[in-house]
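The structure appears right after this line, and notes come after that.
Numbering (the working numbering), first residue to last: 106 to 679.
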């Protein structure tokens, strides 16, 4: 996959998820760092320590036994980065900030608990060592969302940690630390991080305050902030403002946890929280492919289908996925066993765009439980250059002009130049579905407007598309169809068609007119690791009358493929 160009961009650090680049937030963060890194800051966190937790949460979500055994063995793979036997244990110099955030967040305690045996026994030692080595504030370890995740995890597993060790000193140390961390979190949860990370911080704060028995008015203060964030972050159709399916899952999960905490302490769930859950659950279903995992848009991964099922069950919401989500900016075309999910909206707004992709008008297609056409997905790991490649237009199944992003991705990770005009139309008739969308993201640099039309027949066996560029001639373009690694592809008809073979043995034929077809290499990141795959590329040059590429993807029986040359076996992408 060719790396796209965005000539104004230079390599730089990537904002952590949820970070707000606003001036006021930066000033407050600088002031916090100056204060909290001082020798006496920890004295401001001293106060009443509860004799016992007043709230028992219990493990809320399933862990991964294999990951738990690996953590216990010192093989710590978090945020796409593997660190073996970290030394010093909590701040290994080789680790990136996202690995450190996940390590200090203790979300992996659920994995240790699920693994059982020796892995579970390691939990007490890890908590004890963190308490000894993390008395002082640290920018990552004490960041609001990281701290909140840690406190929530400790409360979830508190009983099994202290009961197993029969260690009253550890019990007292954990209670003292939880109380101190909550005092700091009360000062930072509402502003230090933004977006989904802020809602996670607020969930941890309300859980912690409930657990140590703080009065109802202290919980009500946090709830007011949560309600304010819901208004900012949850769109009328239930989508999250980031337009990221993985964050859709995370935020819904956090709101369900918040509701469970309120029920446990017999407080009424605010209408805003309940309504957000009721709206978000159908949108989470909207983003699911036939394999019951998530579509890949705006830095999302497939995620665990079992977890998604559990989140939807606990949402207590039965709403069906909508066919269109105009506020979030996506369309869903489903006919028989075929499903398309199409990005037809504007990029995420400022404050929610730190990991947004330049994938406008891209689509993904699945048939039953098999993914066929995909976007490349999201990179998880320490290499910022990989993140930029995964966010680029060229990493999506869409037309790309001159290997240039349709939306500017700035050096700080936020979006810059964006289309001034995006239009979308949709029609349905007797089960047939048609959608047309345009954007002018290439107008400023190339003088071009891009339009895409997709048509899906009622039986789901025939998908047709048309790609058009109108405006100034001369620019090269490529329509990219990234394939899932399980799909085997080969050219046929003297290069005029591509044959796609699915794991089930089903064949699809892609034909095109108005561009030259070729097969190229690609990479698939949707499962959390880089996997080699292929892409079908339709390339050409904009002429005096613009460019028009028509293509059709049809299911066909094996017998219809007599034109395939003998011995021409499709290349495997495993």
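The beta carbon of each residue, even a glycine, is placed where N, CA and C say it ideally should be.
ask   = Does the separation of the CB atoms of residue 177 and residue 227 fall below 7 Å?
value = Closer than 7 Å, so yes.
request  = Look up residue 239 in the DSSP assignment and say whether it is helix, strand or coil.
outcome  = coil
key: DSSP-derived helix/strand/coil call for residue 551   = helix
ask   = With 16 other CB atoms within 10 Å as the buried threshold, where does residue 387 fall?
value = buried
query = Out of 437, 451, 346, which has the shortest C-alpha to C-alpha gap to residue 445?
reply = 437
request  = Please report the Cβ distance between residue 544 and residue 613, rounded to the nearest whole angstrom; I am assuming they are in contact, meaning their Cβ atoms lie under 8 Å.
outcome  = About 27 Å; that fails the 8 Å criterion.
query = Between which two residues does the alpha helix (DSSP H) containing residue 575 stretch?
reply = Not the alpha helix (DSSP H): residue 575 falls in the beta strand (DSSP E), residues 567-576.
task = Go ahead and label residue 492 buried or exposed: buried means 16 or more other beta carbons lie within 10 angstroms of its beta carbon, across all protein chains shown.
result = buried
inquiry  = Checking the sheet assignment: what are the DSSP bridge partners for residue 629?
reply    = 636
ask   = Just the Cα atoms here: how many angstroms apart are residue 448 and residue 361?
value = 27 Å
ask   = Using the rule of at least 16 other Cβ atoms within 10 Å of the residue's Cβ for burial, across every protein chain shown, is residue 138 buried or exposed?
value = exposed
query = What's the gap between the Cα of residue 204 and the Cα of residue 183?
reply = Going from the Cα of residue 204 to the Cα of residue 183 covers about 5 Å.
Three CB pairs or more closer than 8 Å across the region 188-206 and the region 154-162 = These segments do not touch.
inquiry  = Once the 5 residues before and after residue 523 are set aside, which same chain residues still bring their CB inside 8 Å of it?
reply    = 451, 452, 512, 513, 546
query = Relative to the alpha-carbon of residue 601, which residue among 644, 180, 168, 192 has its alpha-carbon at the smallest distance?
reply = 644
key: residue 204 - DSSP class collapsed to helix/strand/coil   = helix
query = Can you pull the DSSP bridge partners for residue 653?
reply = For residue 653, which the question treats as bridged, DSSP gives the partners 573.
task = Please go through the same chain and pick out, in chain order, the residues whose beta-carbon is closer than 6 Å to the beta-carbon of residue 287, but skip the five residues on each side of it.
result = 313
message = Once the 5 residues before and after residue 611 are set aside, which same chain residues still bring their CB inside 8 Å of it?
response = The residues 472, 475, 660, in chain order, have a CB closer than 8 Å to that of residue 611 in the same chain once the five nearest residues on each side in sequence are set aside.
inquiry  = Taking contact to mean 3 or more Cβ pairs, one atom from each stretch, closer than 8 Å, check whether the region 404-413 and the region 341-353 are in contact.
reply    = They touch, by the three-pair rule.
task = Note the first and the last residue of the continuous alpha helix (DSSP H) segment covering residue 339.
result = Where residue 339 is concerned, there is no enclosing alpha helix (DSSP H), given that its DSSP letter is neither H nor E.
task = Output the distance between the C-alpha atoms of residue 589 and residue 155, rounded to the nearest integer angstrom.
result = The C-alpha of residue 589 lies about 53 Å from the C-alpha of residue 155.
query = So the beta strand (DSSP E) residue 416 belongs to, where does it begin and stop?
reply = Looking at the DSSP string, residue 416 is not in any beta strand (DSSP E); the run it does join, the alpha helix (DSSP H), is 410-420.
request  = Tell me, please, whether the region 232-248 touches the region 185-192 by the rule of three or more beta-carbon pairs shorter than 8 Å.
outcome  = no
key: residue 143 burial status per 10 Å Cβ neighbour count (16 or more: buried)   = By the neighbour-count rule (16 or more Cβ atoms within 10 Å), residue 143 is not buried but exposed.
query = What do you reckon, are the CB atoms on residue 630 and residue 481 nearer than 7 Å?
reply = Yes; because the gap between Cβ atoms is below 7 Å, this pair is in contact.
ask   = Which residues in the same chain as residue 191 place their Cβ atom closer than 8 Å to its Cβ, once the five residues preceding and following it in sequence are excluded?
value = 179, 181, 197, 200, 208
task = Go through its chain and collect everything with a Cβ distance to residue 531's Cβ below 6 Å, but skip five positions before and after it.
result = Shown here for residue 531: same chain residues with a beta carbon closer than 6 Å to its own, the five before and five after excluded, namely 540 in chain order.
task = Measure the alpha-carbon distance for residue 267 versus residue 278 and round it to whole angstroms.
result = Those two C-alpha atoms are separated by around 10 Å.
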